[in-house]
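Each residue of the sequence shown is one higher than the one before, starting from 1108 at the first, in the numbering used here.
The beta carbon of each residue, even a glycine, is placed where N, CA and C say it ideally should be.
Down below is the structure, laid out as structure tokens.
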Amino acid sequence: MADNVTSLFRTGAHSPSMAALARESGESGPLDFCIPCNPYFPTPAMFEELTHRLREIITFYPSSADTITGELCNLLQLPPQCVAMGNGSTELITWIDHLLVRESLAIPVPTFGRWTDQPLETGKRVDMFPLQESNGFALDPAQYIQFIRSRGSRVAVICNPNNPDGGFLPRQTILAFCDALADLDLVIIDESFLEFADAEAEPSIVEDAVMRPNVIVLRSLGKNFGLHGIRFGYLVANPSLAGKIRSMLPKWNLNSFAETVVFMLRDHGAEYLESLHQVRRDRLDMARQLSQLPGLTVYPSQGNFLFVRLPVGAEGTVVRDQLLTEHRILVRECGNKIGSSSRFLRLVVRPQVDVRRLVSGLESVLYGSRRGAAVPEPNNNYSSGTAAVDRLVSSTNGSGMQGLAAAAQGQGQQQQQQPQLAPVAQWPQQQQQQQPQLAPVAQGRQQQGLLTAVGAMGQGQGQGQGFGQQGQQPQQQPMTAMAQAQQQAGLSPVGAGQPQQQQQPGLSPVAANGQPQQEPWLTPVGQPQPQQQQPGLTPVAQPGPQPMPQPTRWPAAAASRGTPWPEAPANNRVG
């Protein structure tokens, strides 16, 4: 039975569905750390209402997509002519590719698989910009732009936060990126996970997209509302771009469940906001617990998931299979993500009781009865997917990536092959200000303002930021808990807290300097700077729950900063 279950992972670029796993195992679904979904929404009362109305929902036709989109736009305070709703964000990605991507698309990798797979399936050239493990998978926008120019890409994509690593760019940085590429056919900002971010108060660019000729913002509803099974998402763009997509969508592309949930949201805004705050709190606690596992590296994230690197010698597919078959825990092994390898897992943020079970399972699989001991090399009898990664990257980037094969022959050649790129020469002059900041994941973030960051941060923070040597966002390497143990033992490990620089299978650093940066960690805007990081991590006790300010509007309505959320009945009104 175990072989039948794990065989489901050997096909396709995505994990099997929960339904497929349940059918194959004959049991209820495992504890899900794989699918990035909000575990706190809908509320039990909302599920009770949906259950009560089930017969009505599945029996009758839904309203037209225009009706459902109109209600969503009322909530978000967006003009309906600038919005197109799809049966999941993947339907919108498909139509964007068919209608608006003519010849080539640039995308940083690793990222969400449909941004690479969809255009490849329709014969487009996909220019893949590798994010460097040595730099914590942080995206350098200036170098990415230079890569786009050198390749002649006609469409550029940024996922913010990025999936699977959770990397985040501030709003003003994203706007500067869009303005620098105003001559491209299209610039796409995928904000599917942005509502889980707390790095700045108003990170979305939806209101700016409607005024730009070539910018599309993609947003998810299923992830945010904890309802992946209801396929719904939306895009925001100027009326011409949004209209092109909307005109191709079927009249009833949205189902009755989607309609029911959208019309329920007006009465449940406060619960939704609280669910987002709880996910953010859980992200800190989960990162702290995982960082205590010897050899496990936790990367900073602004999504509702954490990207982790397994200890040396651990093979992701074996860890995944043992967690599933021995502990009934499902995780996302990232060996089939282009730009990643099987040494990385993406773990969805879940409540603390579930995280304790995950940590216990990882301890058992990674260390057995010898916690902290070296992990033996497993006897793996099937591919982790890295060979497919090699082939895809080398075959899709054409002559611009000829150095890949040579780079794979030896890591000693890596530094010679890395082009040293200067900042973008013709960059718009921007007022230099402090970037909205991110605190280290495993540091505990003792600032009390964490739970009230959305209400406390000024909307003018972080304005006027560009790229280049002075405007570039500093980065610090994620640190392993092994360094902590060494520090406590009185040792001073060389390079403590920095991941080993390793050549990704099949990837050479293209248009990235590959050098680890030593700047201090970033902290939230308006918060005091942290003390200098000591070698290794010393997890700090999490602050207790803090009173949370009552929100005054629907958080997804970043398109209308300062616009009150449409009033609901007094007993349900937000704020």
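Tell me, please, whether the segment 1281-1300 touches the segment 1318-1326 by the rule of three or more beta-carbon pairs shorter than 8 Å. The segment 1281-1300, when compared against the segment 1318-1326, does touch it at the 8 Å Cβ threshold.
Since leucine 1683 contacts valine 1472 with CB under 8 Å, what's their CB separation in whole angstroms? Nothing can be reported for residue 1683, as the shown portion of the chain is limited to 1108 through 1682.
Quick one: using the 10 Å Cβ neighbour count with 16 as the cut-off for buried, is valine 1456 buried or exposed? buried
Which of the three DSSP states, helix, strand or coil, is assigned to threonine 1218? coil
Inter-residue spacing [alpha-carbon to alpha-carbon] between aspartate 1497 and tyrosine 1406: Low confidence applies to aspartate 1497: its pLDDT is 41, below 50, so where it sits in the model is not reliable enough to give any reading.
Can you tell me whether histidine 1375 is buried or exposed, with buried defined as 16 or more other CB within 10 angstroms of its CB? Within a 10 Å sphere around the beta-carbon of histidine 1375 sit 16 or more other beta-carbons, which makes this residue buried.
Measure the CB-CB distance between tryptophan 1202 and isoleucine 1214 and report whether it falls below 8 Å. no
Which one of Asp1224, Cys1141 and His1205 has the shortest CA to CA distance from lysine 1330? Cys1141
Bridge partner(s) assigned by DSSP for glycine 1193: Paired residues: Gly1340.
Pull up the CB-CB distance for glycine 1340 and arginine 1326, whole angstroms please, since I reckon it's below 8 Å. 6 Å
First and last residue of the alpha helix (DSSP H) that includes serine 1471? 1459-1474
Return the residue from the list Phe1451, Leu1454 and Ser1382 that minimises the CA-CA distance to asparagine 1145. Ser1382
Return the first residue and the last residue of the alpha helix (DSSP H) that glutamate 1314 is part of. 1313-1316
How long is the line joining the alpha carbons of phenylalanine 1244 and valine 1415, rounded to whole angstroms? 11 Å
Taking 8 Å as the threshold (C-beta atoms), are isoleucine 1164 and phenylalanine 1332 in contact? Against a cut-off of 8 Å, the Cβ pair of isoleucine 1164 and phenylalanine 1332 comes out as no contact.
Within the same chain, show all residues whose beta-carbon is closer than 7 Å to that of glutamate 1298, passing over the 5 residues directly before and after it, in chain order. Asn1267, Ser1311, Val1324, Leu1325 and Arg1326
Helix, strand or coil at serine 1363 according to DSSP, with G and I counted as helix: helix
Contacting residues, own chain, Cβ-Cβ under 7 Å from threonine 1197 (five flanking each side not counted): Arg1221
Tell me the DSSP secondary structure of isoleucine 1281 in three-state form. helix
So, under 8 Å CB-CB, leucine 1342 and leucine 1207 are touching, yes? Tell me the CB distance rounded to an integer number of Å. Their Cβ separation, rounded to whole angstroms, is 11 Å, which puts leucine 1342 and leucine 1207 out of contact at 8 Å.
From asparagine 1269 to arginine 1278, what does the alpha carbon distance come to, in whole angstroms? 14 Å
Should the segment 1187-1197 be regarded as contacting the segment 1349-1363, the criterion being three or more beta carbon pairs within less than 8 Å? yes
Which residues does DSSP list as the beta-bridge partners of isoleucine 1142? Looking at the DSSP assignment, isoleucine 1142 forms no beta bridge with any residue, so it has no partner.
If leucine 1211 sits next to arginine 1232, beta carbons under 8 Å apart, how far is it from one beta carbon to the other, in whole angstroms? Here the sequence assigns serine to residue 1211, which means leucine is not the residue at that position. Indeed they touch by this definition, with Cβ atoms about 4 Å apart.
Nonlocal neighbours in the same chain, by C-beta distance under 7 Å from glutamine 1459, ignoring five residues either side: Asp1389 and Asp1392
Grouping DSSP H, G and I as helix and E and B as strand, with all else coil, what is isoleucine 1175? helix
Nearest by alpha-carbon distance to leucine 1238: which of Tyr1379, Tyr1474, Ser1171 and Pro1271 is it? Pro1271
For the alpha helix (DSSP H) that contains proline 1322, what are its first and last residues? In the sequence on display, residue 1322 carries valine and not proline. Valine 1322 -> not in any alpha helix (DSSP H); beta strand (DSSP E) instead, spanning 1322-1327.
Is the beta carbon of proline 1248 closer than 8 Å to that of leucine 1276? Result yes, Cβ atoms of leucine 1276 and proline 1248 sit closer than 8 Å.
Closer than 6 Å by C-beta to isoleucine 1352: which residues in its own chain qualify, once you throw out the five before and the five after it? Chain order, please. Ala1191 and Trp1202
Taking the beta strand (DSSP E) that isoleucine 1296 belongs to, which residues open and close that run? 1293-1297
Taking the beta carbon of arginine 1209 as the centre, do at least 16 other beta carbons fall within 10 Å, making it buried, or is it exposed? exposed
When you compare only the Cα positions, how much space is there between glutamine 1253 and proline 1217? 19 Å
Assign cysteine 1441 to one of three DSSP states: helix, strand, or coil. In the structure shown, cysteine 1441 sits in coil (DSSP, three-state: anything other than H, G, I, E or B).
In angstroms, rounded to a whole number, what distance separates the CA positions of glutamine 1399 and arginine 1435? 22 Å
Are there 16 or more other CB atoms within 10 angstroms of the CB of serine 1347, so buried, or fewer, so exposed? exposed
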